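Protein chains in written order, with numbering that gives the first Met the number 0: chain H, 0 to 439; chain U, 0 to 515; chain L, 0 to 118; chain P, 0 to 98; chain E, 0 to 517. All remarks here apply to the structure that follows.
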Amino acid sequence: MFTLPTEMAQPVADFSQDTWWIWLIKAVFIVLFLILSVILALWVERRGLGRMQTRLGPNVTGFMGFGQAFADAIKLMIKEDFWLKGADRVIYFLAPVIAATCAFSIFAVMPFGPQVSMFGIETPLQLTDSSVAMLYVLAIAALGVYGLVLGGWAANSTYPLLGSVRSAAQVISYELGMGISLASVFLIAGTMSTSSLVDSQTSLWHVFIALPAFITYFISMVGEVNRLPFDLPEAEGELVAGHTTEYSSMKFAWFYLSEYINMINVSAVATVVFLGGWRAPWPLSAINDGMFNEGWWPMLWFIAKVWFFMFLMVWIRGTLLRMRYDHFMKLGWKVLIPVALGWLVAVAVIQGIGSFTDIDTQTILVILAAIFLVIFAVLWFVDGKKGDDGSSAPEEQPEFDAFAGGFPVPPMPGQTLPPSPRAKRAPAYSSTAKEAGSDE
Amino acid sequence: MTPVIDWAALAPAIIVMGAAVLGVIVEAFAPRGTRRPIQVTITFAALAAALVAVVWRWTEVQANGSQTVVGGQLIEDPFTLMAQGIVLVSGLLAAFVIADRTQTREGAFAASAAARPGSPEERELTRAGIDQTEVYPLVLFAVTGMMVFPAAGDLLTLFIALEVLSLPLYVLSAMARRKRLISQEAALKYFLLGAFSSAFFLMGISLLYGFSGSVRYSEVAAATTVTVGMDWMLIAGIALVLIGLLFKVGAVPFHSWTPDVYQGAPTPITGFMAAGTKVAAFGAMIRFLYVIAPGMEADLEVLLWTVIIATMIVGTVLGIVQKDIKRMLAYSSIAHAGFVLIAVTSFQETGIGATLFYLLAYGVATVGAFGVVTLVREKDAAGNITGEATSLESYAGLAKRKPGLAVAMLVFLLSFAGIPLTGGFVGKFTAFAAGIEGGAWPLVLIAVIASAATAYFYFRLVVLMFFTEPDDRTTVIASEGMTLVAIALAAVATIALGVVPGPVLELVGNAAVLLP
Amino acid sequence: MNPYTPLLLMIAIAAVVAVLGLVGTGFLGPKRYNRVKLENYECGVEATPNAGSAGRFPIKYYLTAMTFIIFDIEVVFLYPWAVSFERLGAFGLIAVLTFVFLITVPFVYEWRRGGLEWD
Amino acid sequence: MSLMNYVILAFILFAIGAAAVLTRRNSIIALMGVELMLNSANLSLVTFARMHGDITGQTLAFFVMVVAAAEVVIGLAIIVSIFRTRRSASLDAPNLLKN
Amino acid sequence: MNTSQAAAFPWLTALILVPLAAAIVLAFTKSLHRHAKAYGLAVSILVAIGAVIAFVTEFDTGSAGTVQLAETYSWMPTIGVSIAWGVTGMGAVMIALSVLLVPLVILTAESDRFLRPSEEAAGRRDAGYIAWVLALEAVMIAIFAAQDVFLFYVLFEAMLIPVYFLIGSYGGPNRKAAALKFLLYSLAGGLIMLVGVVAVYVAGPGGPEGFLIANLAGAVTGSQTAQMLMFLSFFIAFAVKAPMFPVHTWLADATEEAPAGTSALLVGVLDKVGTYGMIALCLPLFPGAASDAAMVIMILALISILWGGFVAIYSRDLMRLIAFTSVSHFGFMVMGIFSGSETAMTGAILYMVAHGVGTAALFLIVGYMAKRGGSQRIEDYGGWQRVTPVLAGGFLVAGLATLSLPGLSGFVPEFMVLVGTFSVSKIIGGLAVLGVILAALYILLPYQRVFTGPRPDIQVKDLGAAEKTVVGVLTAGMLALGFLPGPVIDLVQPVAEQSVAHFDDSSTASALTEGNLQ
């Protein structure tokens with residue numbers, strides 16, 4: 000074998016003084032933080048969506064309807080917890096536990112802030128970190144899928160099963176784009192430790208260097224947590240409620256909760272990886288020699304950034320329609336993965352040429368631009384003839400005869416209906432329809 | 000830090016693998032109708048070019064000596080090149096059979112392996128004369144694995160090569176045009192047992208690594224003399240790795256896949272894998288045993304002797320009762336594995352040459368024999384030619400129908416039986432000579448009795464072919480030409496190896512140089 | 000200090016919370032037996048027998064799973080390389096680019112042959 | 000905790016996997032058994048790597064993961080195609096090949 | 000021995016290649032098929048003439064014990080194999096026997112009921128048969144000329160293929176089973192010999208000519224046990240070939256089903272390869288082991304003599320009967336070889352020739368008869384003396400030669416063997432004499448049943464011209480060997496002398512190896 004570095008670079012954050020009770024405090028804090036955040040998120044989502052849809056949203060219980068979220072939570076807890084007939088009981092029970100455990104655990108490596116003094120002990124605002132912290136995040140996230148899949152499977156019912164299979168396909172499809180886009184950031188930063196990632200963004204956030212990666216990641220992350228426009232596993236119109244259909248009470252609550260925690264998780268990852276983590280945004284960071292980047296302040300910035308992403312997701316939900324499944328898979332496989340891969344290769348090559356040769360950056364960029372132009376031109380032509388090797392190339396179809404057998408028949412795939420005799424009236428009609436639709 | 004890569008030394012394997020990758024790209028972009036000609040061209044060109052490259056490297060190595068490549072992961076020595084040469088020769092011969100579509104214009108492979116048998120989609124493709132042309136890149140990938148397998152200089156490369164050679168074969172096994180379910184089940188069995196043995200292989204690697212702290216053969220070998228204690232790890236590691244290799248060569252008790260896979264796989268693939276896999280696996284086994292195990296013959300003797308004796312006996316005894324020619328050849332291959340193992344485990348320099356020669360003779364004859372099998376077909380009541388007629392009875396009167404084919408088959412069978420003036424005889428002779436030289440005369444004695452017994456089932460087939468009248472349920476179809484070329488080349492080569500083996504013996508004798 | 004001990008602690012706490020929630024709700028909630036309640040939810044239609052175990056999924060799901068496995072492995076290889084990019088140098092870069100190329104070839108193949116179409 | 004315990008654990012897992020392959024007749028379970036065996040080998044590789052303070056074992060484990068993945072893919076493909084041809088994934092049911 | 004000693008013209012190579020090439024040409028030239036017999040006859044006579052010229056001009060009768068007409072070519076130097084031809088007196092007479100019998104067999108090829116079940120089946124069938132016979136002739140000449148152990152082994156095995164096809168393609172109703180039985184017995188024996196061949200090379204001096212008999216003789220090292228094992232591996236193969244009790248059973252089946260010409264060649268010449276091998280290989284290579292095992296082998300030979308005789312008496316099939324008489328005769332030969340007496344050894348070699356002529360005659364004549372009578376079973380015949388007097392006369396002469404009537408070929412060798420054996424062991428010699436009495440029974444009883452008695456009501460012709468020629472030539476041969484055995488004895492006696500010398504060396508040889516061991 001080659002002589003490889005035997006030890007990876009250690010994370011920047013220094014946990015040397017931590018004791019077991021510090022860990023306990025942090026861990027309990029994380030759990031509480033997440034549960035409260037979810038309740039807040041519910042409220043934000045309902046109110047926000049209401050605003051976007053020009054209605055009020057919950058506004059009766061508590062201050063501005065804030066109590067409604069708590070009420071819902073308590074209601075779920077005291078609902079009857081039933082055990083479905085024919086379910087695989089062990090897995091039926093285990094699935095929500097897995098989902099919830101995985102959702103909670105991811106935050107263990109999220110840095111809320113830099114070193115602070117806690118009961119006299121210097122410790123980072125982060126439960127723990129390691130050189131492969133991001134790998135841990137991805138691993139646990141992937142493990143969380145088991146909750147969904149097993150939940151759907153254990154119920155021994157049609158809709159949940161379909162939902163869970165869809166969700167598995169979806170999560171794994173988007174995980175690839177996400178993983179590859181993250182890899183390009185790791186390449187730039189040279190680390191996978193969360194605290195070191197934040198550290199590497201001291202001068203410049205990654206979002207500015209690696210915008211394509213950020214965009215890929217952002218789309219993937221929405222897909223990853225099954226949010227609109229990618230909420231196909233639960234598409235209530237088709238699948239009732241996906242894998243949660245057969246769950247009640249706390250079992251359902253954990254699924255529900257884990258979904259929202261996962262939103263927070265991916266937002267936190269986006270924050271740490273692309274948005275400088277707990278670092279204060281530019282004008283603030285310049286104030287008083289970086290005062291806002293020390294002590295407990297950064298926790299504020301971190302949470303703010305996470306909520307920025309949370310809000311984005313709510314906003315998207317209020318704006319976009321659910322995608323069709325084939326479009327959705329196409330987006331994942333044919334756009335996100337190639338883009339992420341291409342971006343990764345580009346980053347690697349630029350980095351590589353910069354590091355390992357004497358060519359200066361200016362030249363590289365010019366050459367790259369030329370290459371991209373060529374590729375773009377090639378793709379332009381390749382894309383021209385779509386479909387599988389000509390076999391599905393548009394052939395001269397015989398004109399469709401709707402009354403071939405003496406009675407009206409629908410067109411086969413690939414055939415088009417002849418223009419309706421009433422076609423002339425259609426434009427006027429559709430324009431009115433469009434106006435009517437936009438009113439809603 | 001950065002290893003120096005001698006690309007020239009890698010050339011043979013890279014040519015084949017590059018062609019395989021190119022084949023995949025062709026599959027992606029070439030229009031359906033043009034794929035087959037392109038793929039066939041690429042395959043033959045790549046194999047021939049690789050053969051040329053091997054010859055070139057041979058002269059280089061003879062002139063400049065052996066070397067390690069990519070920091071020792073691969074070894075380029077005469078042995079490597081000879082084994083690669085044999086793989087390529089078998090592969091090239093097999094490619095002729097694989098590419099042939101016979102007069103029926105239907106190859107041995109499913110029109111579309113993904114289409115359900117009997118589905119309208121499949122009928123459509125069959126009518127259009129479309130083949131599953133992925134076969135060719137897959138074959139090339141398998142050849143790559145086979146070429147790297149004996150060249151591997153460390154256990155990691157060995158493992159990767161094992162998988163590279165196995166995985167395409169699993170897939171290829173499932174692609175028979177007819178009797179698809181049998182084919183798929185054969186593939187499944189092959190796959191599961193293959194993966195199972197890979198796991199043992201891997202555990203063995205892990206133990207050897209645990210023992211020595213390295214996966215490099217030379218370092219493991221060095222550790223055997225230095226490290227004290229932990230001997231169980233070494234022995235268990237070697238034994239487990241051997242299990243993986245013995246599985247690949249079909250030695251008893253790791254043979255149970257052989258008859259089923261030989262029977263179920265498309266016949267050209269059966270020939271290809273019977274020839275190629277054995278060469279590769281025995282090549283790897285020789286390097287592994289001769290580099291790591293010297294000094295431990297005594298520890299391994301019980302294991303190896305048991306395996307060898309069982310292999311020979313099971314191969315012969317079960318071969319006698321077979322009624323299907325492909326199964327019969329499978330058991331014969333098991334018995335042959337036993338014979339080769341005698342040479343391999345002799346731990347003599349002559350054993351290396353003997354193994355190589357035996358494998359060449361066996362590989363050539365095997366490809367030819369399975370080539371013949373592809374041409375004997377069943378006829379249904381309406382006189383339509385259907386699948387291969389693999390029952391032994393189908394060969395009745397072959398000499399009356401197609402004397403040339405029957406004579407070729409006779410040559411292959413004589414070679415299998417080890418009758419003088421065929422390559423098989425010289426192979427057996429050299430193998431047994433190595434065995435006796437290594438002191439394994441009891442094994443040799445059992446081997447000769449076993450080979451007398453194997454002769455029984457070969458000559459039963461000869462009786463059917465030459466002394467029995469043909470019936471009208473079977474027919475012999477004409478090939479497009481390529482299978483005939485393969486059969487003719489194989490027959491000529493088999494006889495040439497028997498009559499004038501001198502030059503080849505000298506070559507393989509020169510190849511018995513192992514660089515640890 | 001082992002950095003992984005807190006991780007175990009976190010996971011343990013999370014699991015305990017999750018299990019406690021489920022156990023607690025068993026005490027908190029009412030228990031009213033109703034045969035229909037325990038049936039599968041089928042939108043009011045009579046339940047499909049063996050609904051869950053039929054296992055009739057479109058073949059595409061398997062294909063997606065297989066493709067995913069291959070790409071996931073690619074990602075696994077990319078991470079360590081990305082992190083030690085500088086130390087591995089030009090050789091590592093070329094090796095990984097070759098690797099990515101080799102993975103891309105089957106991806107392109109699958110794409111062209113319609114493996115990524117959901118129709 | 001001695002590192003040897005990990006090796007022993009690996010052996011146990013390996014044995015469990017092997018038992019699964021040998022005794023369970025469902026091909027998917029058998030496949031899982033094989034995966035378990037491969038991963039137990041990984042575990043022991045990584046343990047040995049730790050023992051020797053050498054990275055080769057970890058590298059090997061990476062390759063094993065690739066191979067395991069490729070094997071799963073091919074195994075699944077074969078099983079699915081059999082399943083499509085005959086609606087069952089049991090190892091017992093395929094019996095066209097006599098033993 | 001080296002190439003410089005080689006004859007000016009490579010006679011032996013020519014003698015081997017001509018029939019081989021002729022066989023291949025015949026097999027692949029369709030236009031020749033109709034004239035296959037004439038072609039075969041011409042080739043075989045040409046070979047016979049060539050052999051005569053070669054031996055007359057090049058062979059020095061004075062030094063018949065040394066290898067002459069030698070040629071050596073390198074073949075597989077890596078494993079010490081060369082192509083080495085050369086003959087001693089013994090080889091020369093065996094080759095002469097072969098080249099004599101082959102034209103005779105071809106001459107009356109159509110007088111065989113199996114080969115020619117009906118007249119329509121001629122043409123291609125004849126061509127195949129004659130091609131195989133010619134190929135067989137090539138192998139026979141080659142094997143008696145081989146001076147390299149490996150080459151000998153190769154030919155020993157290669158010989159199976161033509162015989163296998165001669166039985167399997169052209170034999171009687173059970174030919175497939177008989178052919179397979181023949182093949183498997185011979186192959187098993189041959190493969191056991193292969194172990195010995197390999198071991199001999201490993202234990203021998205090695206080198207690029209390590210397989211030459213000349214280089215190996217007296218140079219095979221190894222413990223006494225190893226020597227004995229190697230000797231046995233060779234001996235078993237030869238015992239199968241020269242059918243000795245208890246591995247003789249294949250012979251009766253083969254001859255029963257094979258065409259008469261094939262049987263004649265098989266028993267007349269091919270089986271002699273066994274006894275030839277014992278003399279040419281076993282004795283020089285493993286003198287110690289040979290003399291150690293001599294007594295056991297002689298007892299086995301005795302059993303062969305008696306057993307073969309007894310079974311022959313009770314045989315109902317004439318071909319089987321002749322086969323069993325041969326088992327008995329081979330017993331005499333083996334006994335002579337291992338008796339260690341020069342007289343017996345000379346007798347044994349002479350016996351090989353005499354038996355070849357006599358048995359071939361018997362097989363051929365019975366074949367002519369079976370063609371006419373449509374059966375080989377004794378009970379189907381009776382009184383044929385009156386219908387076919389020439390045939391009956393031929394049978395009687397050949398039979399009498401077989402039972403060693405003085406004046407015919409069998410007498411001298413049998414007498415010599417018995418005398419030699421007596422000098423070694425009175426008991427064995429005495430019991431062997433019983434074989435002579437049995438011989439009278441197994442020849443005269445069938446003669447009585449088949450040829451004597453009332454004239455049967457059948458319409459068959461007596462022997463035709465070709466058949467008469469064959470019987471005439473063979474009878475002449477028997478008479479010649481009976482009255483004038485001198486020239487042949489002169490040829491083989493030096494060989495016997497040398498061979499017996501190995502027994503004399505053996506005590507010292509084994510003492511030497513034992514000494515090495517300690």
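For each residue, glycine too, the CB sits at the ideal point set by N, CA and C. Keep in mind it's a predicted model, so treat the numbers as computed, not measured.
Here M229 (chain U) is not near L206 (chain U), since their CB atoms are 7 Å or more apart.
At least one beta carbon of chain P lies nearer than 7 Å to the beta carbon of L191 (chain U).
Counting the other CB atoms within 10 Å of its CB gives D489 (chain E) a total below 16, which places it among the exposed residues. The contact set of T429 (chain U) on chain E, defined by CB atoms closer than 8 Å, consists of I78 in chain order. At least one beta carbon of chain P lies nearer than 7 Å to the beta carbon of M65 (chain L).
Identification of residues in the segment 57-75 of chain P having a C-beta nearer than 8 Å to some C-beta of chain L yields F61, M64, V65, A68, A69, V71, V72 and L75, given in sequence order. With its beta carbon less than 7 Å from one in chain H, Y60 (chain L) belongs to the interface. With fewer than three CB-CB distances shorter than 8 Å, the segment 275-294 of chain H does not count as touching the segment 65-72 of chain L. In this structure, the alpha-carbon of E468 (chain U) lies about 24 Å from that of G260 (chain E). Here the alpha carbon of V63 (chain P) sits roughly 41 Å from the alpha carbon of G417 (chain U).
Contacts with chain P (Cβ-Cβ distance below 9 Å) from the segment 74-101 of chain L involve V75, F76 and P79, listed in chain order. For Y324 (chain H), the residues of chain L that pass the 7 Å Cβ criterion are W117, in the order they occur in the chain. The beta carbon of V15 (chain L) does not come within 7 Å of any beta carbon belonging to chain H, so the residue lies off that interface. In the three-state reduction of the DSSP assignment, T22 (chain P) falls in the helix class. Here Q492 (chain E) is buried. Its C-beta has 16 or more other C-beta atoms within 10 Å.
Minimum Cα-Cα distance from S266 (chain H) among the listed residues H:E245, H:V224 and H:W295 corresponds to H:V224. Residues of chain E with a Cβ closer than 7 Å to the Cβ of E505 (chain U) are, in chain order, T77.
Membership of P113 (chain H) in any alpha helix (DSSP H) is not indicated; the residue belongs instead to the beta strand (DSSP E) covering G112 to M117.
Using beta-carbon distances, F465 (chain U) does not count as an interface residue toward chain P, since no partner is under 7 Å. When Cβ-Cβ separations below 7 Å define contact, T55 (chain P) makes contact with chain U. For secondary structure counted as the beta strand (DSSP E) over 3 or more consecutive residues, the segment 113-166 of chain H holds these complete runs in sequence order: 120-124. Considered as a whole, the segment 0-60 of chain P harbours 3-22 and 26-51 as its complete alpha helix (DSSP H) runs of no fewer than 4 residues, in chain order. At a cut-off of 7 Å between C-beta atoms, V45 (chain P) does not count as an interface residue with respect to chain L. Among the residues of the segment 18-30 of chain U, those with a Cβ less than 8 Å away from any Cβ of chain L are V20, V23, I24, E26, A27 and F28, in the order of the chain. Contact between F98 (chain L) and F84 (chain L) does not hold, since the beta-carbon distance rounds to 14 Å and is not under 8 Å. For A40 (chain P), a Cβ of chain U is located within less than 7 Å of the residue's own Cβ. The Cβ of I12 (chain L) sits no closer than 7 Å to any Cβ of chain P.
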